[in-house]
Structure formats: C-alpha cells, structure tokens
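A.B. asks: Protein chains in written order, with this note's numbering: chain C, 172 to 513; chain E, 172 to 513.
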DNA sequence: TTGAATTACTAAATCGTTTTAGCAAAAATA
DNA sequence: TATTTTTGCTAAAACGATTTAGTAATTCAA
C-alpha cells in the first residue's frame, strides 16, 4: 500500500540505497556497479513499481522540475493558447507547469511570485502587470531564472520574448489607410504597459506618415475592467453621426475590447465594414465567425511559448552563473478578412 | 543571498529550531513558549525574510498543498474558464494548481497522472478522456483523493461534478421544436464519453416525445480532431437542398464543432436562422458576436470549478479515511439568442 | 522539606533522496 | 612478495522542515 522507496529496494536485495540510487540514475558505469546487481535492481524496481519521490529529490537537489507561469488570466484564450504551448514544450523536457492568473493586479502577482518562490519552482515565465517593476527587479537580482512574455519594462534588463507591437499597429493602421479610411480610431486599455503604448504609437506613426493629424479624441483609453459598458460608451461616442469625432474605422488593441466593441456596434444597428471598419489585435475564434469576419494582427503564440520555455530551461540548466540575457522580438502577421471592406 | 531557514533564525537567537518552528506555526501557546521569545522569533523571521521551504515541509508532512488538474486542453476556453475557477478557489485555501492538457488522449493522461503521483500533488481534478477507465479505477483504489468533472464512468464509484446533459439537450431540442423546426440534426463527437452520449440521447428523446422519428442520418458523429474539414463535409451533407437528409436545424454538442460548423454554413452562403437554425452547447465569446448570435446551453462553469475544489479539499483534509463519495449533477440553462429565429 | 506539577525549552529522529568520502578485496604491477 | 591500482560496494551527511520524547528549572502543594 505504501509507496516503495529506495530503501525498500535496497533491503529487498541486501544492498545499500546508495547503490540503488546509482543504478536508477544511470550512474552504474560511472560508479562501477556490476552488471549482475544492476539488472537485479532494475528488476526489483519494476516489480515493486518504484516511483522516485520528487519532493525528496527536490529537497536534496534544490530542483523541482517545475516552472511557474504567471499570466493575466488563463481563461482568456490568448493566454490559454500560450499556456498550452508552454505546457507542451515544458513537458517535452520533463518539466511541469504551475499557473497563476494575476488579473493584471500587481498585488496578486506579488503574492503569487512569493508563493512560488518558496522553493517550488525552478524558474518563471511571467506576463507582468503594471506597477510590478519592483517584483521583476527583485527577481532579476535573485538567482531564479525567469522570462517575460507579452510585456516588459524597458528599464529592467532581463530575458524577454516580445512581439513588435509598434510595427504590428503600424501595418494594421496602414491597411485601413490603404482602403481609404481616414478617421481611424484606436480603442485601447490603460494598462500603462509598454506593449499597449507601442501599439498606440505605431498607430499614430502610421497616421503621421500618411499626413493625417492624430486626433486625441479618436483614441479611447479604457480602464481595465470586466465591465463592458465602458466599451459600449466609447463606441457610441465614436460612431455617433453628429459627434465631432465620428470615426470610419477602429483599431482595437486587444481582442477583449474588440469583441465587446463589435457587440456594441451590432447593438447600435451598424454594419461592419460599411458603417465602420475594424482591425483588432489577437485572433480568437470569435473573429472567424463574426458578422463580418475580422481582420486581425495575429501573434505567433506558439513561437512565443516555445521560445520562452527554451530560454528559461537553458538558463535553469546552466550551472556556470547567469547566462546571457536574451531579448527576442517576433513579428506578427496581418490576417485579412472582411471587416475592413476592400 | 541564500534563503533563510529555520536554523538560521534559531542560531540568530540562540534557541532551538524546534522552538522557532512552534512559534511560526502558531503553536506557541500549545507548547508554552514565552511571550518574550515569541515576539523575538517573529521579529527575526521578518527581518531575515524567512519563507518556509515548502519542499522540506512537503517531505516531512507528505502534503504539498498542490492539486493536479488534468483536462483536455487549457487553450479551449471551456477548460480555460474552468481552470480559472479552480485556480481561484484553490488559492483561496492556500493551494496551487499544476495543469496538464491530455488532448483526449488516454496515454497522455496516464503519463500525466503518473507524473503527478510522484508525491507532487495532494489530489486531482480530472476530466478523463475515453479509454481511461483503468486509470481512474486505479486512482479510486489508491488513497489520493480526486474529483471527476465534465465526464465520468458509470461503472466507477467516485466523486464527480457533472451537468445534466440529457436534460440540457432535451431542452435545447425542444426549443427548436417549439419554433417549428422538424428536421433537427445533431452534430457531435465520437469521444465515447457519457456526457456526449447523454446529449444525443436527450436530443433523441425530445424528438420521440414530439412524435418525430429519429433519423440516424441526421446524427453526425465526427472523430475528435483539430481538422475542421470533417465538420465542413458533415455540414454540407446536412444543408444540401437535394440531400435526402436535409436539416432545418442543428444541435451542436460542443462549441468547437459549432464554431467550425457556423464557419462552414457561412462559407456556403447560408443564413442563420432563415436557412438553418442553430443551438450549441457551451457559451464562448464567439457566439455573442456571431453573424446571428447563437442560442446556447450554458454550463455553470463557476459552480463546477468551485464545487470540485471544495469537495477535493474536504477529502484531502479529512484524516479519518475516505469520505462519502459525492456525485453532483448541476443544471444548465438555455440562453436564447437569435440563431433559432422566433 | 520533599514530591509533584508546571513552565520553558531542546535533542534527535524522521521524511526519501543524492552525493562525498572511504573501505575491503581482488587484480595488476614492480 | 610487497606495493599500487582497480573493482565493487557502503556509511553517513545533507537538504529543511515537523514532531515526539524528553530534561532542567521553577513553582506549588502537602
């Protein structure tokens, strides 16, 4: 009934547990254990269904083969897909994943990092919320490796896998411009995070390069919240015919905003793309079967997840001090559907 | 630089680590530690930023305060939302969550359970794939508590939180019948899992109760796959005007099927609900902003997740042998949108 | 003034590994 | 034959907590 330990195997054969440990860890040759005993140990281990106690191993070696994933919300498909990739790549290397949803709340992420730090994880993959600079800075001074994804803090030197948000927004806005839209709005979120800021900057630059003045009234920065009334109000303001800042296109900086926005637009009886064109970041299923399928900035989630794990593991496995810091910037691609007309 | 241990605090004060452990575990009164020393210990612990080593605790106590979550795919919003709820409820009680996506593959889930069993988790929440009866049976004979969600095996007695799938499908089909649909199809997936079977049975019963013969050709059982061509073909067959089994409505048993199905329907230039009415299980965002927002069978995901954790933790915490097995069946609700006409 | 009870603490075992240091016997070399 | 080397193994410490079984000093009761 009780789980078998190294000691059980040792007693069973009348040998030391040291020997058993050597054999089971493939160090038989290194420590010159005889072939004979070797096979016996392996037999008995199988017979007693020996499973190493990872906790005991962890205590002794200081490694748990677990990585901690801190993201905004695992229920958000963007992070769900990322989580899936991370899990898969980690499993490939024998690592497990513990996840926490920080809800864009620095207090939560602080608690979560602290919790994981209690010698439970060998490294982190983090999508840090705003105001968590101190936490990341503290981590970077410690000796547990980590990789940031989706967002970073320019003033902190650390591993990071990002996407070229400026370029992505620039291209998306340009797409709208090429299709003749002139009053392009940007609906974004006040996370005060560099990725969101970059998106808006890319949007602005595209307008400037097309000699179209940036109108601050066309930029709607909404608070992060699960309440979609705020989006509805912003949309109403943007599409109102009599409004001084009537828009003919909207670039949504996140899909959550976009989905809510489209809901609002439909509720107002407006047609996409005739009344208003839409481009959005991220590529959820919703956009594929939408009233008018949405043109999107597609992020290479697979690559982000995979690369993050690879960099993290290479850092975890290196014994000779911290490795070289890696900052990787991936390109996005624009998937053109019907929401911008043609 | 190195983390502080109990011993560090003990040495710092010239007391035993036993004492420090007592104080930090709130057993000071029980073991009559003087107020004086008590406060000193707490001071030093804070000063040295003591964080207990959970691995060491785990080794000694046999508890890791971690629960293992095995689901089909964390990237699927259905499981993502479930995961989020589970994480949240677990955190409320000081527990962490390790997750694994089994991809409906029993070999994967077997490996994942084995991995977690290596004394890493105190209990499991599992959504078992088909052909994993043996794994669940083995678990039920062991002494690590677990709870099944979403699916179960009728022949295995164990904790489970389910939804009344028969009733849900019955109500959904009935809804279509009341709106005058007579040739109702069911598109489902061959998971050979009781939840899917129940859905189709509920669908059939609703037809029978309305004196409509069940036509097997209207029931499309697709293999589980990430390839959506199969769905496209099934849809084509169902909506083809000249087809002998032309349908005027479809009940999708999962949202993945539904989303792909709607994509196919749109591609064929058909209108929902005029050409064909739609009801689907699950309630993803996609259905809210769809061409014609979809009427859905909404599952109480929050309640499922929360209850699963609560039952699991009560089992984990009980010391007096296994608790009473709990089988909970929750009701779904039909959210009526526009995809069935009116 | 002695014995019992209480107070305030500690030593040491334990959980299941890994790993260093070392030992005895056999084989090889001088 | 004596010394060194190799072979095949083991003892014991260590990781950092928890917990049982104590002990010495003080207080109390008789």
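Idealized CB from N, CA, C, for every residue including glycine.
Would a C-beta distance cut-off of 9 Å place residue 421/E and residue 468/E closer than the cut-off?
C.D. replies: No, these two residues do not count as a Cβ contact at 9 Å.
A.B. asks: Using the three-state DSSP reduction, which class does residue 362/C fall into: helix, strand or coil?
C.D. replies: coil
A.B. asks: Assign residue 500/C to one of three DSSP states: helix, strand, or coil.
C.D. replies: Note: residue 500/C maps to strand in three-state DSSP.
A.B. asks: Relative to the C-alpha of residue 196/E, which candidate in 213/E, 242/E and 511/E has its C-alpha closest?
C.D. replies: For the set 213/E, 242/E and 511/E, the Cα lying nearest the Cα of residue 196/E is the one of 213/E.
A.B. asks: Just to confirm before moving on: does the CB-CB distance between residue 366/C and residue 321/C stay below 9 Å?
C.D. replies: yes
A.B. asks: Rounded C-beta distance between residue 395/C and residue 430/C? I'm assuming under 8 Å.
C.D. replies: Contact flag wrong, Cβ pair sits at about 15 Å.
A.B. asks: Scan the segment 419 to 449 of chain C for residues whose Cβ lies nearer than 8 Å to a Cβ of chain E and list them as they occur along the chain.
C.D. replies: Result list: 430, 433, 434 and 437.
A.B. asks: So that I know if they touch, is there some Cβ in chain E lying closer than 9 Å to that of residue 322/C?
C.D. replies: no
A.B. asks: Just the chain C side, please: which residues come within less than 7 Å of residue 288/E by C-beta, in chain order?
C.D. replies: 222
A.B. asks: Put residue 391/C into one of helix, strand or coil per three-state DSSP.
C.D. replies: strand
A.B. asks: Whole angstroms are fine: how far does the CA of residue 242/C sit from the CA of residue 252/C?
C.D. replies: 12 Å
A.B. asks: Determine the contact status of residue 266/E and residue 484/E, defining contact as a CB-CB distance below 9 Å.
C.D. replies: yes
A.B. asks: Evaluate the contact criterion for the segment 292 to 305 of chain E versus the segment 219 to 226 of chain C: three or more CB pairs, one atom per stretch, below 8 Å.
C.D. replies: Note that the segment 292 to 305 of chain E does not touch the segment 219 to 226 of chain C; fewer than 3 beta-carbon pairs, one per stretch, sit closer than 8 Å.
A.B. asks: Specify the secondary structure class of residue 224/E as computed by DSSP and reduced to three states.
C.D. replies: coil
A.B. asks: Of all the residues that make up the segment 476 to 487 of chain E, which are near chain C by a beta-carbon distance shorter than 9 Å?
C.D. replies: none
A.B. asks: Can you find a C-beta in chain E that's less than 9 Å from the C-beta of residue 258/C?
C.D. replies: yes
A.B. asks: Please classify residue 352/E: is it buried, with 16 or more other beta-carbons within 10 angstroms of its beta-carbon, or exposed?
C.D. replies: buried
A.B. asks: Using a Cβ-Cβ cutoff of 9 Å, what residues of the segment 304 to 321 of chain C are near chain E? List them in chain order.
C.D. replies: 313 and 314
A.B. asks: Answer with buried or exposed for residue 441/E, where buried requires no fewer than 16 other C-beta atoms within 10 angstroms of its C-beta.
C.D. replies: exposed
A.B. asks: Cβ of residue 230/E less than 9 Å from any chain C Cβ?
C.D. replies: Taking CB atoms only, residue 230/E has a neighbour in chain C less than 9 Å away.
A.B. asks: When burial is assigned at 16 or more other CB atoms within 10 Å of the CB, is residue 256/E buried or exposed?
C.D. replies: buried
A.B. asks: What span of residues does the alpha helix (DSSP H) with residue 435/E cover, start to end?
C.D. replies: 426 to 438
A.B. asks: Measuring CA to CA, which of 424/C, 231/C, 326/C and 318/C is closest to residue 479/C?
C.D. replies: 318/C
A.B. asks: Helix or strand or just coil, what does DSSP make of residue 356/E?
C.D. replies: Strand at residue 356/E.
A.B. asks: Classify residue 299/E as buried or exposed, calling it buried when 16 or more other Cβ atoms lie within 10 Å of its own Cβ.
C.D. replies: Taking a 10 Å sphere around the C-beta of residue 299/E, we find 16 or more other C-beta atoms and assign the residue as buried.
A.B. asks: Whose Cβ in chain E lies nearer than 8 Å to the Cβ of residue 205/C?
C.D. replies: Result: empty, since nearest Cβ-Cβ is about 28 Å, beyond 8 Å.
A.B. asks: Could you compute how far the alpha carbon of residue 183/E sits from the alpha carbon of residue 193/E?
C.D. replies: 16 Å
A.B. asks: Return no unless some Cβ of chain C is closer than 9 Å to the Cβ of residue 272/E.
C.D. replies: Closer than 9 Å to some Cβ of chain C, the Cβ of residue 272/E qualifies, so yes.
A.B. asks: Can you name, in chain order, every residue of its own chain whose Cβ lies under 7 Å from the Cβ of residue 274/E, other than the five neighbours on each side?
C.D. replies: 243 and 244
A.B. asks: Is DSSP giving residue 192/E helix, strand or coil here?
C.D. replies: helix
A.B. asks: Would you please verify whether the beta carbon of residue 268/E is less than 9 Å from any beta carbon of chain C?
C.D. replies: yes
A.B. asks: Counting only C-beta atoms, is residue 461/E closer than 9 Å to chain C at any point?
C.D. replies: yes
A.B. asks: Let me know the alpha helix (DSSP H) ranges lying completely inside the segment 253 to 329 of chain C, each 4 residues or longer, listed in chain order.
C.D. replies: 277 to 288 and 304 to 312
A.B. asks: Using 9 Å as the threshold, is the C-beta distance between residue 407/E and residue 356/E below it?
C.D. replies: Not closer than 9 Å, so no.
A.B. asks: Since residue 235/C meets chain E, which of its residues come closer than 9 Å, beta carbon to beta carbon?
C.D. replies: Correct list: 226 and 291.
A.B. asks: Which word fits residue 513/E, buried or exposed, when buried means at least 16 other C-beta atoms lie within 10 angstroms of its C-beta?
C.D. replies: exposed
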